Every structure is written in structure tokens, then in C-alpha cells.
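Novice: This is the structure, below, for whatever I ask next.
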Amino acid sequence: MALFAMGDTHLSLGTDKPMDKFPGWEDYVSRMEENWRKLVKPEDTVVIPGDISWGMTFDEVRPDFAFLNGLPGTKLIGKGNHDYWWSTMNKMNAFLEDEGFDTLRFLHNNTYVVGDYAVCGTRGWFFDDETPHSEKVINRECGRLRTGIDAAKATGKEPLVFLHYPPVTTDRECTPIMDVLRESGISICYYAHLHGNAISRAFRGEKDGIRFDLVSADSMKFCPLLISR
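Residues 6 to 234 in our numbering are what the sequence shown spells out, letter by letter.
Next comes the structure, spelled out in C-alpha cells:
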């Protein structure tokens with residue numbers, strides 16, 4: 006029962022917003038599927054920390070969810086900045102049930118035990134947004150992160166945090182999010198969101214006792230990252 010991660014699938018099978026026009030994203034859906042099927046078995050779990058689909062509504066994301074549901078493994082889906090279809094947990098879980106998407110789960114104010122780890126996380130936020138609205142959002146995201154971490158700790162397993170936005174880059178950090186990670190004694194955190202030239206700003210390594218790594222799809226050549234087996 007292995008654990009993998011790959012964020013930013015940016016699917017648009019139900020909308021007209023393909024990513025193929027961007028360098029490195031050519032034929033990305035086929036490449037993603039081929040790599041996924043080579044690595045992931047039905048009993049495995051894949052965390053997708055945000056930017057799942059360009060769809061705006063459940064109708065538009067249906068083909069994207071059907072695609073993911075048909076891939077091997079259980080998928081734990083977090084929220085990204087482009088997941089405009091995201092709704093309440095009740096509505097999203099009802100959508101999964103109605104459509105028979107039985108391999109998809111939402112990662113939101115909760116945790117999932119996978120092997121020796123308890124997976125948790127939230128979207129996070131920009132580290133450079135200083136608008137009045139930003140304070141409200143970052144406080145909410147910090148609260149959600151704490152809720153997830155507390156749920157993870159309650160399982161007795163090691164919390165494994167997944168964020169969409171990077172909590173730290175080579176030159177900046179989102180201090181409120183980092184404070185939660187530090188205060189909670191988190192030792193491993195994965196994030197997504199960074200693409201193209203921005204990948205060079207990704208912080209990969211250890212800071213304040215926490216090991217960080219980037220799992221955006223294009224940074225990994227659309228190949229899920231093996232975290233544990």
C-alpha cells in the first residue's frame with residue numbers, strides 16, 4: 006500500500022482550457038495517465054493537493070473526475086486556487102456518491118491514515134498578499150491546517166501535511182502557515198502551485214526541522230512522486 010503525490014493536474018476534459026500551450030505541458034493528460042498506470046496500484050493512495058480541474062461547476066468537472074476516478078488507487082483531493090468548482094463538503098460528497106466516483110476523497114478539515122502516516126492539509130495562501138482580505142483568509146487557512154493536524158495526531162500516526170500554496174520558497178515564507186507547522190511539530194510538508202520558471206524558486210530541503218518538497222505535476226514531468234511504500 007504505497008503513498009504517492011502529484012498536484013496541479015489542471016484537467017479540462019469538460020472545458021476548453023488545455024494546458025498544452027504552455028512549455029512542458031504538451032500532451033500532458035496522456036503522459037500523466039501513462040506514468041500513473043505504470044506506478045500506482047489499486048491499493049495505493051495518491052494525494053492531489055489542489056488545482057484539480059479548470060471546470061467551474063460540477064457539470065464541467067464531471068469528465069475530469071471520471072478520468073481521475075478511473076485511474077488506479079484512492080485519490081485524496083485538496084483545494085487549489087483554481088478549483089472554482091469547490092463547494093461545501095456535503096455537496097461535494099453528494100456529487101461523488103451520485104456519480105459513483107468511489108476512488109475520490111476530499112482532504113479538508115480532516116485526515117486519512119495511509120500506512121504509517123496521517124495525511125492532512127489545506128490550501129494555504131499567498132505569502133506576499135497584504136490586502137485587508139488576506140488576513141481573514143490566512144487566519145481561516147491556519148485554522149483549517151490546525152484542525153487537520155489535530156485530527157492527524159489523534160490517530161497516533163505521524164502527520165503528513167499537504168498544502169497547495171508553498172509555505173516557503175527560496176526567498177520568502179508565509180509566516181502564519183510556517184508558524185502553525187513549527188508549533189505543531191510537523192516534520193514533513195509537501196506543496197504544489199509552482200510552474201514553469203517559478204519552479205526554480207521552490208524550496209526543497211529542511212528548514213526549522215521541517216522537510217519540504219514540491220509536487221506540482223510539471224515539476225515532476227507528470228509522474229507521481231513515491232512518498233512511502
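C-beta atoms are modelled at their ideal positions from N, C-alpha and C, and glycine is treated no differently. Note that the coordinates shown come from a computational prediction; the quantities given were computed from them, not determined experimentally.
So for Gly153, helix, strand or coil by DSSP?
Specialist: helix
Novice: To the nearest angstrom, how far is it from the Cα of Leu16 to the Cα of Phe167?
Specialist: Using only the alpha carbons, I get a separation of about 20 Å.
Novice: When the Cα of Asp176 is compared with those of Arg209, Trp59, Asp184, which residue comes out closest?
Specialist: Arg209
Novice: If you compare alpha carbons, which of Arg42, Trp91, Asp88 is closest to Phe72?
Specialist: Arg42
Novice: Does the distance from the CB of Pro77 to the CB of Asp49 come in under 8 Å?
Specialist: yes
Novice: Go ahead and pull the three-state DSSP assignment for Pro23.
Specialist: coil
Novice: Thinking C-alpha only, which one of Val51, Val52, Asp69, Asp64 is nearest Ser58?
Specialist: Asp69
Novice: Which class does Ser189 belong to by DSSP, given the choice of helix, strand or coil?
Specialist: coil
Novice: Return the chain-ordered list of same chain residues with a C-beta closer than 7 Å to the C-beta of Ala156, the five sequence neighbours on each side being excluded.
Specialist: Answer for Ala156: Asn115, Thr116, Cys125, listed in chain order.
Novice: Taking C-alpha atoms, which residue in Asn202, Leu165, Met11 lies nearest to Leu186?
Specialist: Leu165
Novice: What residue ranges within the region 88–119 form continuous beta strand (DSSP E) runs of no fewer than 3 residues, ordered along the chain?
Specialist: 109–111, 117–119
Novice: Can you tell me whether Pro47 is buried or exposed, with buried defined as 16 or more other CB within 10 angstroms of its CB?
Specialist: By the neighbour-count rule (16 or more Cβ atoms within 10 Å), Pro47 is not buried but exposed.
Novice: Buried or exposed for Ser35, going by 16 or more other Cβ atoms inside 10 Å?
Specialist: exposed
Novice: Give the straight-line distance between the Cα atoms of Leu230 and His169, rounded to the nearest whole angstrom.
Specialist: 15 Å
Novice: Where Thr180 and Gly148 are concerned, what is the direct C-alpha to C-alpha distance, given to the nearest angstrom?
Specialist: 14 Å
Novice: Assuming Phe218 is part of the beta strand (DSSP E), what are its boundary residues?
Specialist: Position check: residue 218 holds Asp in this sequence, whereas Phe was assumed. Segment 215–219, the beta strand (DSSP E) holding Asp218.
Novice: According to DSSP, is Gly85 helix, strand or coil?
Specialist: coil
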